[in-house]
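Data first, discussion second: the structure below is written as structure tokens.
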Amino acid sequence: MEKGLTRRSFLKSGLAAAGAAAAASVALPATVRGAGKNELATLIDIRKCIGCEACVEACREVNKKKYPEPVKPFPRMYPSSVKISDWSGKRDVTDRLTPYNWLFIQHATVTVDGNKKTFSFPRRCMHCQNPPCADLCPWGAARKLENGISVIDPDICLGGSKCRNVCPWKIPQRQTGVGLYLKLLPSLAGNGVMYKCDRCHERVARGELPACIEICPEKVQKIGPREDILKEAMDISRKIGGYIYGADENVGTNTIYISPVPFQELNRAIEKGDGKPHLKKVEDYMAHADTLAKAMLIAPFAGLAAAALRLANVSRRTKEDMK
Amino acid sequence: MNTAKKLSQTKLPEQKRFLRRLYVSTLIVLAFTGFGQMPIFKRYGISSIPGMGWSADFYTTHYIHYIGAIVLLALITYALTDFLVSGRKTSRLTIAAYVQIILLSGIVITGIFRVLKNLPDVVFSPAFTMFIDLAHLGLMIFYMVTALIFLLTGRKWLNPRLH
Chain A
-14 MEKGLTRRSF LKSGLAAAGA AAAASVALPA TVRGAGKNEL ATLIDIRKCI GCEACVEACR
46 EVNKKKYPEP VKPFPRMYPS SVKISDWSGK RDVTDRLTPY NWLFIQHATV TVDGNKKTFS
106 FPRRCMHCQN PPCADLCPWG AARKLENGIS VIDPDICLGG SKCRNVCPWK IPQRQTGVGL
166 YLKLLPSLAG NGVMYKCDRC HERVARGELP ACIEICPEKV QKIGPREDIL KEAMDISRKI
226 GGYIYGADEN VGTNTIYISP VPFQELNRAI EKGDGKPHLK KVEDYMAHAD TLAKAMLIAP
286 FAGLAAAALR LANVSRRTKE DMK
Chain B
214 MNTAKKLSQT KLPEQKRFLR RLYVSTLIVL AFTGFGQMPI FKRYGISSIP GMGWSADFYT
274 THYIHYIGAI VLLALITYAL TDFLVSGRKT SRLTIAAYVQ IILLSGIVIT GIFRVLKNLP
334 DVVFSPAFTM FIDLAHLGLM IFYMVTALIF LLTGRKWLNP RLH
């Protein structure tokens, strides 16, 4: 065998390359943990909701200390075409999602057995199991907690509203004139802070119920381990011949709605638009990214194989030349 | 003629050029789509340029970034294997190469953690998430500046080994 290219040296360097390739499988730090089994989900039985808005008021009361208090006048934005979002003068708005209203009641009038019937139901963040807002936030301001709750850290968020753009339901809402961007480059980067339901995560951490669930006189919502909630939703669905929303949307959310009428019908009947999310079927928003992430594991081996082929080819030609 | 010399001679200029172009193009695509992960292309009108509308779609830039990362990982493994088996017999890495390798390693490692974070059921602590986000961005900016300086000053990755 040639001195310059021995089987040993090839294997040695091949192993080194494979080691680099396997960097993705290094032991994860203690800060990284799987979250799947600890997730909490809420069940919203829309048959029970009477649209009293007690949940809306409770949400506003409990979370008012987190609401933005913007500094005015707002910094001049560059370029001037950048729009500001100011809800500070419209804090009383309760018929849609705003930075000051993280939960609202949606209404749908549909025909059931030939009769018109109006359903009311609370709408807020769905708390996806694989939330695009948390996955794609460029600063780590949006993140998913181990118990499945998605939160946005107002101390980190720059208000770029990427989370809203990538959210299947366009949930987060922006308030300009508040947050970290004011201390960085307020005219050039950032535009405030994004706000949405955080499912009262501090209360949940203390073993308390989210305010909207605790206050509800009709017990429309309940919270529990996702598996249990899903099982209960399926049991109810079977019993009433009903429909489930949120179990498979965006592969699965931690908000499960149950309805006696199809959600397509409810979706047609509800008012949709800014701050008023739809009830459409939602495919897996992160599916392609997850597939490509798996392909990344193969990439180093492809490089290794290509190099091995070239080296083997050259080695063969060297031997042929020597004959 | 030994195999190492043969290997270095059989690295055709066209192949070298192709790999270099592929590497530079991949880094440019990664840098562009990486910066595109921040909501700046719409704000600063990049996406208003005819044909650039896609740059404001975060999912599109995200997919392209991942594809670029796949190509980069394959290229790095190819170059690493090739150098360790044959290249080091005839060439040695320059200081400029070591600097770029360190920066690239940092970019790749933080990138791997960023990809892991995006997988379902993987949760990072807020501090760790922010660290990898900022480190990935900072290292890439540092790499671009460094690579530009090395390019302008004519610093190469390899020097011939003198026997």
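Line by line, the protein sequences give chains A and B. Residue numbers for the first sequence follow our numbering, so the first one is -14 and each next one is one higher. Residue numbers for the second sequence follow our numbering, so the first one is 214 and each next one is one higher. Note that CB positions come from ideal geometry on N, CA and C, so glycine has one too.
{"Item": "N372(B) (DSSP reduced to helix, strand or coil)", "Value": "strand"}
{"Item": "Cα-Cα separation between Y276(B) and P60(A), rounded to whole angstroms", "Value": "34 Å"}
{"Item": "K57(A) (DSSP reduced to helix, strand or coil)", "Value": "coil"}
{"Item": "Neighbourhood of K51(A) by C-beta, 6 Å cutoff - its chain only, sequence neighbours within 5 removed", "Value": "none"}
{"Item": "Rounded straight-line distance, which links the Cα of E217(A) to that of V210(A)", "Value": "For the record, residue 210(A) in the displayed sequence is Pro; it is not Val. P210(A) and E217(A): Cα-Cα distance of roughly 11 Å."}
{"Item": "M281(A) versus A282(B) - alpha carbon distance", "Value": "7 Å"}
{"Item": "Chain-ordered neighbours of P64(A) on chain B, where CB pairs are closer than 8 Å", "Value": "R256, Y257, G258"}
{"Item": "Selection of the segment 335 to 362 of chain B by Cβ proximity to chain A, strictly under 7 Å", "Value": "V335, V336, F337, S338, P339, F341, T342, M343, D346"}
{"Item": "DSSP three-state assignment for F231(B), whether helix, strand or coil", "Value": "helix"}
{"Item": "Complete alpha helix (DSSP H) runs within the segment 47 to 133 of chain A (minimum length 4 residues, chain order)", "Value": "117 to 121"}
{"Item": "Assumed close pair Q158(A), T238(A) - CB separation to whole angstroms, cut-off 8 Å", "Value": "That pair is no contact at about 19 Å."}
{"Item": "Residues near K207(A) in its chain [Cβ-Cβ closer than 6 Å; skip 5 each side]", "Value": "L28"}
{"Item": "CB contact check: D259(A) to chain B, cutoff 8 Å", "Value": "no"}
{"Item": "Identity of the residue in T94(A), R108(A), R109(A) nearest K102(A) by Cα", "Value": "T94(A)"}
{"Item": "Any beta strand (DSSP E) of 3 or more consecutive residues that is wholly inside the segment 178 to 263 of chain A", "Value": "178 to 180, 206 to 210, 228 to 230, 240 to 244"}
{"Item": "Within 8 Å of chain A by C-beta, residues of the segment 234 to 249 of chain B in sequence order", "Value": "none"}
{"Item": "Straight-line gap, V236(A) to N86(A) (C-alpha atoms, nearest Å)", "Value": "27 Å"}
{"Item": "Within chain A, the residues that P252(B) reaches when beta carbons sit closer than 7 Å", "Value": "G145, S146, K147"}
{"Item": "Three-state secondary structure (DSSP) of S238(B)", "Value": "helix"}
{"Item": "Straight-line Cα distance separating P123(A) from C34(A)", "Value": "38 Å"}
{"Item": "Cross-chain neighbours of V151(A) in chain B, by beta carbon under 8 Å", "Value": "F271, Y272"}
{"Item": "Amino acids of chain B, ordered along the chain, whose beta-carbon sits closer than 9 Å to that of K129(A)", "Value": "V336"}
{"Item": "Coarse secondary structure for I280(B), derived from DSSP in three states", "Value": "helix"}
{"Item": "I90(A) versus I31(A), L121(A), I243(A), N48(A), residue with shortest Cα-Cα distance", "Value": "I31(A)"}
{"Item": "Residue span of the alpha helix (DSSP H) that contains R310(A), given as start and end", "Value": "There is simply no residue 310(A) to check, as chain A begins at -14 and stops at 308 in what is shown."}
{"Item": "Where the beta strand (DSSP E) through Q160(A) begins and ends", "Value": "158 to 160"}
{"Item": "CB contact below 8 Å: R211(A) versus chain B", "Value": "no"}
{"Item": "DSSP three-state assignment for L25(A), whether helix, strand or coil", "Value": "strand"}
{"Item": "Beta-bridge pairing of I141(A) - partner residues as DSSP gives them", "Value": "Beta-bridge pairing links I141(A) to no other residue."}
{"Item": "Rounded straight-line distance, which links the Cα of T239(B) to that of F337(B)", "Value": "28 Å"}
{"Item": "Length of the line joining the Cα atoms of G319(B) and L288(B)", "Value": "16 Å"}
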